[in-house]
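Protein chains in written order, with this note's numbering: chain A, 1276 to 1431; chain B, 62 to 500.
Have a look at the structure below, then the notes.
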Amino acid sequence: MRINLWIAIGMSFLLLGLAACAALNNGLDLPARHPSAADLGEVPKKCTNCHEARGEKLAFGAFVHNATWMQNHRQQAYQNEQVCAMCHQTSFCNDCHATGTELKSSLKNQSETYRQMPHRGDYLSRHRIDGRIDPTSCFRCHGNPKAAKTCAPCHG
Amino acid sequence: MSILPCSGGSMRMTDRLGWFLGLVCFFAVGLPLSASAAELSFQSDTIFRSFSRDPATESDAAVFPAYEYLQVDIETPEEPGLAFHLYGWGRADVADNDYFTETTGGELVYGYLEFSGEQARFNARLGRQYVFEGVANESIDGLRLSSDLGKYFSGSVYAGQPVALSEENGRGGDSIYGARVANHLVGKYDLGISYKKINSDGEDAGETAGIDLSAYLPGGVNLFGYSTYNLEYDGWGEHSYELRFNLGSTTIRPYFQKFQYADYFGIAGGTVNPFGLLVAGDEELTVLGTDLTVPVGDSWVLVGKAKHYDYQQLDDSSQYFAMQGTWTSEENNQIGGEIGVMNGDTAQTKYTMVRLFTYQDHMPDGCPLGFFSSDLVYVSYDQEIYGEDSSLFISLASGKKFMEDALEVKISGDYSKDPYFDEDVRGMLILSYHFDHAL
Chain A
1276 MRINLWIAIG
1286 MSFLLLGLAA
1296 CAALNNGLDL
1306 PARHPSAADL
1316 GEVPKKCTNC
1326 HEARGEKLAF
1336 GAFVHNATWM
1346 QNHRQQAYQN
1356 EQVCAMCHQT
1366 SFCNDCHATG
1376 TELKSSLKNQ
1386 SETYRQMPHR
1396 GDYLSRHRID
1406 GRIDPTSCFR
1416 CHGNPKAAKT
1426 CAPCHG
Chain B
62 MSILPCSGGS
72 MRMTDRLGWF
82 LGLVCFFAVG
92 LPLSASAAEL
102 SFQSDTIFRS
112 FSRDPATESD
122 AAVFPAYEYL
132 QVDIETPEEP
142 GLAFHLYGWG
152 RADVADNDYF
162 TETTGGELVY
172 GYLEFSGEQA
182 RFNARLGRQY
192 VFEGVANESI
202 DGLRLSSDLG
212 KYFSGSVYAG
222 QPVALSEENG
232 RGGDSIYGAR
242 VANHLVGKYD
252 LGISYKKINS
262 DGEDAGETAG
272 IDLSAYLPGG
282 VNLFGYSTYN
292 LEYDGWGEHS
302 YELRFNLGST
312 TIRPYFQKFQ
322 YADYFGIAGG
332 TVNPFGLLVA
342 GDEELTVLGT
352 DLTVPVGDSW
362 VLVGKAKHYD
372 YQQLDDSSQY
382 FAMQGTWTSE
392 ENNQIGGEIG
402 VMNGDTAQTK
412 YTMVRLFTYQ
422 DHMPDGCPLG
432 FFSSDLVYVS
442 YDQEIYGEDS
452 SLFISLASGK
462 KFMEDALEVK
472 ISGDYSKDPY
482 FDEDVRGMLI
492 LSYHFDHAL
């Protein structure tokens, strides 16, 4: 309990610090929205076509959506949510990352085959194997009581 | 054919729907009064599905669920200030034949008021929202604040109630709070320290600290890493680190992960099934792998994947290998495929998977369709599952836009033959409507 108290006090100071330092602009503001295809005259396909891989405002090279981006964007999202938000509404993330969506993303976005979503097809059978090989990947999304309701009919 | 009934949403749909619609009306009417050049963005996806199942009361019963996914955003896209964001879904079981536990279901995924300041990327969000940062991957009903803290630091704090615990003994005594502080030098590194504490019904339900790191090293080598520490179990749960660099046009991504099961899965108040049993063991999983991404010409991208799993207690290992190829035309039409082999430690954990897909975004002149896509997934299992040693899934979809692209109609059909279904045929119709309106 005492630890929680110290944490609460620490967070209060952090909050006050946030308010006090909010005036200290770091001069690296990114736009809230990336220019659209209409503004640019072309569909933006790859960050580094226009930006330096290690630009002054951002290491753009780390955000290139290459063929393995679907499986490997966790780090960028956890550190740079604001960059994701320049092009994606949160609902885009919530198609996969949410505590309560009845339709899995590969079903809701059935026609978007190019996204190569991991739970495509008969994942009900395949998850028996993937879950034994590496249960940590299941836990990230199904590790809370609400999301684990999809596991409950079989796993109790 | 047999499948367990889906556990439909147990929320009180009418109560929440009223709250949901009330919020939409309140902000749709009220917010523009205080926000000049605001825009209203509205997206509706209405989905009709059709398939056959065996609920408790009958066999081969037709199931017709209808879904509505609704998204509303009110904001001034190019300027700081107030904004409102809302996204939710509802479902009605039209056939009402006991396949779903509840005839109706739904969820407010998020609904929050946002203020963005002119200075230091100050941002405040109030309401139901997702928090993705550091050790947080949580839906909360609460407040989140973030800001730059001078040139080299940034920070964020959040507090509220965790949505994930809302259906366990009510919401009394449920709380979540956390923070992340980051030190960064743009283009050099970004180092974050984060903390998260969850209480369920007044009891501890998770306390985690973490470190996240991006470092842009000499020679074009990027290092990304992430570690979490379970403060309840007093141990490191996860270490995940990877390098990314190019050799010519080839991108190489070697990575390393280590999971201590007791600390990764352990939650003092009880870990949900089926993960609870994993806490009791003392297993340690180490994963080593590499991805190679090789562009070939202007149109082809080839990917090779290799992954090695090592289990300390089991004293065994598994491997996964895959090759993937994708061809993309200038018009963004795509054809691709993947073949993957899971070589598990037992016959029960071995399979070979083949996937082929197409997506034609630009149809030939004169074709009445707007796009066409197809997908095939075939999996061969080393050991039979319910008497079947393979599964086949085929999906075809097409659609067209109308009303100056504001309305898109998509239709798809699936066929599956697998260990759980002798034959399963499913249909889906999606009506997507979008409009933007200056307020």
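Backbone N, C-alpha and C fix where the C-beta goes; we use that ideal spot for every residue, glycine too.
When the five nearest sequence neighbours on each side are left out, the beta carbons in the same chain lying within less than 6 angstroms of the beta carbon of B/Ala127 are those of Phe109, Ala153 and Val155, in order along the chain. In the DSSP assignment, B/Trp361 is bridged to B/Val357 and B/Trp388.
For B/Met424, the closest alpha carbon among the candidates B/Ser451, B/Lys462 and B/Ser105 is that of B/Lys462. Taking the Cβ atoms as the reference, B/Gly350 lies roughly 24 angstroms from B/Ala323, outside the contact range of under 8 angstroms. Neighbourhood of A/Pro1410 in chain B, by CB distance below 7 angstroms: Phe336 and Leu339, in chain order.
Within the same chain, and ignoring the five residues on either side of B/His300 in sequence, the residues whose Cβ sits closer than 7 angstroms to its Cβ are Ser288, Gln318 and Lys319. A/Pro1420 counts as buried, since at least 16 other C-beta atoms from the protein chains shown sit within 10 angstroms of its C-beta. Rounded to the nearest angstrom, the Cβ distance from B/Asp251 to A/Gln1354 is 6 angstroms, consistent with a contact under 8 angstroms. Residues of chain A with a Cβ closer than 7 angstroms to the Cβ of B/Pro480 are, in chain order, Ser1400. Nearest CB-CB separation between A/Lys1379 and chain B: not below the 8 angstroms threshold. For B/Leu430, the secondary structure class from DSSP, reduced to helix, strand or coil, is coil. For B/Asp209, the enclosing beta strand (DSSP E) begins and ends at Ala197 to Asp209. Take the alpha-carbon of B/Tyr238 and the one of B/Asn158: they are about 42 angstroms apart. Within chain A, Ile1404, Arg1407 and Ile1408 have C-beta atoms less than 8 angstroms from the C-beta of B/Thr410, given in sequence order. Residue range Lys411 to Gln421 is occupied by the beta strand (DSSP E) that includes B/Arg416.
The closest CA to that of B/Leu363, considering only B/Thr312, B/Tyr476 and B/Glu163, is found on B/Thr312. Residue state for B/Ile328 is assigned as coil, using DSSP reduced to three classes. For A/Asp1314, the enclosing alpha helix (DSSP H) stretches over residues Ala1312 to Leu1315.
For the set B/Leu101, B/Asp121 and B/Gln104, the Cα lying nearest the Cα of B/Asp485 is the one of B/Asp121.
When Cβ-Cβ separations below 8 angstroms define contact, B/Ser113 makes no contact with chain A. Annotation note: the region 1369-1419 of chain A contains the following uninterrupted alpha helix (DSSP H) runs of length 4 or greater, listed N- to C-terminal: 1380-1383, 1398-1408 and 1410-1417.
With contacts defined as CB atoms closer than 8 angstroms, B/Ser177 and B/Tyr191 fail to qualify as a contacting pair. With fewer than 16 other CB atoms across the displayed protein chains lying within 10 angstroms of its CB, B/Gln444 is exposed.
In the three-state reduction of the DSSP assignment, B/Ala499 falls in the strand class, which pools E and B. Residue environment for B/Leu147: buried (at least 16 other C-beta atoms within 10 angstroms of its C-beta). For A/Asp1314, not one C-beta of chain B is nearer than 8 angstroms to its own C-beta.
In the structure shown, B/Gln180 falls within a coil segment according to DSSP collapsed to helix, strand and coil. Looking at the DSSP output, A/Phe1335 bridges to nothing.
B/Ile400 is the residue among B/Leu430, B/Gln409 and B/Ile400 whose C-alpha sits nearest the C-alpha of B/Leu417. For A/Cys1426, the residues of chain B that pass the 7 angstroms Cβ criterion are Asn334 and Pro335, in the order they occur in the chain. Scanning B/Gln373, B/Gly427, B/Asp436 and B/Leu430 for the CA closest to the CA of B/Ile396 turns up B/Asp436. In the same chain as A/Val1358, and ignoring 5 residues on each side of it, the C-beta atoms closer than 8 angstroms to its own belong to Leu1305, Leu1333, Phe1338 and Gln1351, in chain order.
Secondary structure of A/Lys1424 (DSSP, three-state): helix. The C-beta distance from B/Ser477 to B/Met489 rounds to 13 angstroms, too long to meet the 8 angstroms contact threshold. The beta-carbon of A/Pro1420 is placed less than 8 angstroms from the nearest beta-carbon of chain B. The straight-line gap separating the alpha-carbon atoms of B/Asn283 and A/Cys1322 is approximately 16 angstroms.
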